[in-house]
Amino acid sequence: PFDISAEYIPDLLASVDTRLEAMANESHSAVTGFGNLLYQSTSMEKVVDLARRIALHRVPVLIEGETGTGKEVFARSIHAVGPRKNKPLVIVNCGAIPEQLVESELFGHKRGAFSGADRDRLGHFVEANDGTIFPYEVGELPLAAQVKLLRVLQENEVMPVGSSKVRKVDVRVISATNRSLLGEIGKGTFREDLFYRLAVFVLTLPALRNREGDLNLLVNAKLERINEENAGEIWAEPKELSPGARNILFRHSWPGNVRELEHTLLRAAVISNGNMITAADIESAIFAVSKVSDGLLEMPLGNGFDVRELISDVKRHYLAR
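Sequential numbering from 2 applies to the sequence shown in the working numbering.
The structure is reproduced here in structure tokens:
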């Protein structure tokens with residue numbers, strides 16, 4: 002049922018490997034200097050340029066993007082180049098706070114305010130006073146906490162749980178979400194007025210598959226970092242990627258973005274024998290759940306995309322099944 006003879010033509014395979022090897026050794030004009038970001042794509046350059054301008058102002062910023070696109074890196078970078086760089090940066094995972102403790106965690110509480118409150122707590126907003134607070138996964142906040150947060154943004158003051166006195170705060174808010182907050186507004190799970198308070202400026206981070214030219218830079222940089230962190234402790238010689246392994250990395254859609262790439266390379270480095278990471282190592286390191294993704298028809302056209310190779314992958318997948 003499959004015409005797979007082309008997979009065994011030596012000239013075809015050799016030309017692919019030669020091209021990939023040339024791409025791997027190609028000298029790129031990578032851009033750095035905004036945190037530890039590494040990029041050369043136009044899509045990322047536009048976002049970084051806007052972030053640099055926004056960083057100089059106190060206005061709230063909402064960072065949107067898929068999981069693993071670097072929202073925290075952007076938040077840290079905006080804080081680091083802004084006028085509050087020498088002040089606190091407080092990072093809050095809104096999705097990890099139990100619903101009954103959200104107000105206490107964000108705004109503080111007085112001793113005896115509730116069972117277990119054996120001492121006063123300042124809260125994250127007071128801890129971030131004069132600096133920046135970064136609540137990520139802000140879409141996870143319950144509606145009651147959203148009302149309180151809206152008041153903090155409007156009045157620049159917090160009222161700890163169990164207190165009748167307010168405390169003035171001067172905090173810059175950089176929030177982040179991997180959800181569409183406009184969609185959540187339509188569902189009634191996120192307040193529209195809070196959205197417009199948080200989203201004075203919106204940074205939408207591009208997915209890795211849409212950052213043409215960045216994948217090879219990131220592969221090399223992440224692998225170099227993995228080798229540096231190993232420092233000969235687990236494997237003696239630095240790991241390298243075979244052309245076939247790099248080919249698989251280039252053709253993967255990376256639904257988990259940069260974080261998935263980094264973890265995949267680490268897994269491949271650990272399971273590989275010798276100093277060469279092979280195509281089989283990469284295949285084993287990429288989680289099966291993301292091998293055949295919904296983005297098959299939305300693959301990036303850069304990084305040496307070849308539709309014949311993609312079709313070949315699909316054939317191999319179904320032959321294996």
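Glycine is no exception: its CB is placed at the ideal position from the N, C-alpha and C atoms.
Legend entry - Beta carbon of V159 nearer than 7 Å to that of F108: By one-based count along the sequence shown, residue 159 stands at place 158. By one-based count along the sequence shown, residue 108 stands at place 107. Taking 7 Å as the Cβ cut-off, V159 and F108 qualify as a contacting pair.
Legend entry - Outcome for P99 when other beta-carbon atoms lying within 10 angstroms are tallied against a minimum of 16: Stepping through the sequence shown from its first residue, residue 99 is reached at position 98. That one is exposed.
Legend entry - Per-residue DSSP class, three states only, for G233: In the sequence shown, the residue the question calls residue 233 occupies position 232. Looking at G233 - three-state DSSP - the assignment turns out to be coil, as it is neither helix nor strand.
Inset, instruction - Could you have a look at F191 and say whether DSSP puts it in helix, strand or coil? - result: For this step, residue 191 is matched to residue 190 along the sequence shown. Three-state result, F191: coil.
Inset, instruction - Take S164 and list the residues in its own chain whose beta-carbon comes closer than 6 Å to its own, dropping the five residues that flank it on each side. - result: Position 163 of the sequence shown, counting from 1, holds the residue named residue 164. Closer than 6 Å at Cβ, skipping near neighbours: K111.
Inset, instruction - Output the distance between the C-alpha atoms of R198 and R173, rounded to the nearest integer angstrom. - result: The residue you call residue 198 lines up with position 197 of the sequence shown. The residue you call residue 173 lines up with position 172 of the sequence shown. About 12 Å.
Legend entry - Three-state secondary structure assigned by DSSP to T265: Locating residue 265 in the sequence shown gives position 264, where the first residue counts as 1. The answer is helix: DSSP assigns T265 an H, G or I state.
Inset, instruction - Quick one: measure Cβ to Cβ for G132 and K88, integer angstroms, because I've assumed they're closer than 8 Å. - result: Looking up residue 132 in the sequence shown gives position 131. Looking up residue 88 in the sequence shown gives position 87. With a Cβ gap of about 3 Å, G132 and K88 count as contacting.
Inset, instruction - Measure from the alpha carbon of K86 to the alpha carbon of each residue in I134, D119, Y40, then state which is nearest. - result: Translated into positions along the sequence shown, residue 86 becomes position 85. Cα-wise, what sits closest to K86 is I134.
Legend entry - Same chain, Cβ closer than 7 Å to G36, five either side skipped, listed in chain order: Taking the sequence shown and counting its residues from 1, one reaches residue 36 at position 35. Closer than 7 Å at Cβ, skipping near neighbours: V74, R77, S78, A81.
Legend entry - Identity of the residue in S116, E284, R268 nearest I228 by Cα: Walking along the sequence shown from the start, residue 228 turns up at place 227. According to the sequence displayed, residue 228 carries Asn and not Ile. With distances taken between Cα atoms, N228 lies closest to R268.
Inset, instruction - Note down the Cα distance separating H318 from L250, rounded to an integer number of angstroms. - result: In the sequence shown, the residue the question calls residue 318 occupies position 317. In the sequence shown, the residue the question calls residue 250 occupies position 249. Approximately 16 Å between the Cα atoms of the pair.
Inset, instruction - Apply the 10 Å Cβ neighbour rule to F191 and answer buried if 16 or more other Cβ atoms are within range, or exposed otherwise. - result: Along the sequence shown, one-based indexing puts residue 191 at 190. It counts as buried.
Inset, instruction - Mind reading off the beta-carbon distance from N276 to E225? Whole number of angstroms is fine, and I expect it under 8 Å. - result: Residue numbering aside, residue 276 sits at position 275 when the sequence shown is read from its first letter. Residue numbering aside, residue 225 sits at position 224 when the sequence shown is read from its first letter. Not confirmed; about 14 Å, so no contact.
Inset, instruction - Answer yes if the region 58–73 comes into contact with the region 110–125, meaning at least three C-beta pairs across the two stretches below 8 Å, and no otherwise. - result: no
Legend entry - Unbroken alpha helix (DSSP H) run spanning R53, endpoints: Locating residue 53 in the sequence shown gives position 52, where the first residue counts as 1. Residue range 43–56 is occupied by the alpha helix (DSSP H) that includes R53.
Legend entry - Cα-Cα separation between R252 and T178, rounded to whole angstroms: Here residue 252 corresponds to residue number 251 of the sequence shown, with the count starting at 1. Here residue 178 corresponds to residue number 177 of the sequence shown, with the count starting at 1. Near 27 Å, if we compare the C-alpha coordinates of T178 and R252.
Inset, instruction - Have a look at I175 and A56 and give me their C-alpha separation to the nearest angstrom. - result: One-based indexing of the sequence shown puts residue 175 at position 174. One-based indexing of the sequence shown puts residue 56 at position 55. C-alpha of I175 to C-alpha of A56: approximately 10 Å in a straight line.
Legend entry - Residues near I272 by beta carbon distance below 7 Å, same chain, minus five either side: For this step, residue 272 is matched to residue 271 along the sequence shown. For I272, where only same-chain residues beyond five positions count, the Cβ hits under 7 Å are D282, S285, A286.
Inset, instruction - Please state if the CB of P136 and the CB of V93 are separated by a distance shorter than 7 Å. - result: Taking the first residue of the sequence shown as position 1, residue 93 is located at position 92. Taking the first residue of the sequence shown as position 1, residue 136 is located at position 135. Yes, these two residues count as a Cβ contact at 7 Å.
Inset, instruction - Give the C-beta separation of V259 and L209 to the nearest angstrom, bearing in mind that I take them to be a contact with Cβ-Cβ under 8 Å. - result: The residue labelled residue 259 in the question sits at position 258 within the sequence shown. The residue labelled residue 209 in the question sits at position 208 within the sequence shown. Right, the Cβ-Cβ distance comes to about 6 Å (below 8 Å), so this counts as a contact.
Legend entry - Coil, strand or helix - A118 by DSSP: As a working note, residue 118 is residue 117 in the sequence shown. Of the three classes helix, strand and coil, the one that applies to A118 here is coil, per DSSP.
Inset, instruction - Could you please give me the residues that DSSP links to P136 through a beta bridge? - result: Within the sequence shown, residue 136 is the residue found at index 135, counting from 1. Bridge partners of P136: V93.
Legend entry - Best match in L218, N231, I278, W255 for proximity to S243 [C-alpha to C-alpha]: On the sequence shown, residue 243 is found 242 positions in, with the first residue counted as 1. Of the candidates L218, N231, I278, W255, the one whose C-alpha sits nearest the C-alpha of S243 is I278.
Inset, instruction - Within the same chain, show all residues whose beta-carbon is closer than 7 Å to that of S42, passing over the 5 residues directly before and after it, in chain order. - result: Locating residue 42 in the sequence shown gives position 41, where the first residue counts as 1. Contacts found: R212, E213, G214, D215.
Inset, instruction - Please classify T265: is it buried, with 16 or more other beta-carbons within 10 angstroms of its beta-carbon, or exposed? - result: Residue 265 sits at position 264 when you count from the first residue of the sequence shown. Buried is the call here.
Inset, instruction - Could you tell me whether the Cβ atoms of L182 and F202 are closer together than 7 Å? - result: Within the sequence shown, numbered from 1, the residue matching residue 182 stands at position 181. Within the sequence shown, numbered from 1, the residue matching residue 202 stands at position 201. Not closer than 7 Å, so no.
Inset, instruction - Using three-state DSSP, classify I287 as helix, strand or coil. - result: Counted from its first residue, the sequence shown places residue 287 at position 286. Three-state DSSP puts I287 in coil, outside helix and strand.
Legend entry - Cα-Cα separation between P61 and E185, rounded to whole angstroms: In the sequence shown, the residue the question calls residue 61 occupies position 60. In the sequence shown, the residue the question calls residue 185 occupies position 184. Going from the Cα of P61 to the Cα of E185 covers about 19 Å.
Legend entry - Identity of the residues DSSP links to L63 by a beta bridge: Residue numbering aside, residue 63 sits at position 62 when the sequence shown is read from its first letter. In the DSSP output, where bridge partners are listed per residue, L63 has S176, V203.
Inset, instruction - For V187, count neighbouring C-beta atoms within 10 Å of its own C-beta (all shown protein chains included) and say buried if the count is 16 or more, exposed if not. - result: The sequence position of residue 187 within the sequence shown is 186, counting from 1. The question names Val, but residue 187 is Gly in the sequence shown. G187 comes out exposed.
Inset, instruction - Just the C-alpha distance for E261 and W255, rounded to the nearest angstrom, thanks. - result: Working through the sequence shown from its first residue, we reach residue 261 at position 260. Working through the sequence shown from its first residue, we reach residue 255 at position 254. Those two C-alpha atoms are separated by around 7 Å.
Legend entry - Beta-carbon proximity of V162 to A114, cut-off 7 Å: What you label residue 162 is simply residue 161 of the sequence shown in a count that begins at 1. What you label residue 114 is simply residue 113 of the sequence shown in a count that begins at 1. Yes, these two residues count as a Cβ contact at 7 Å.
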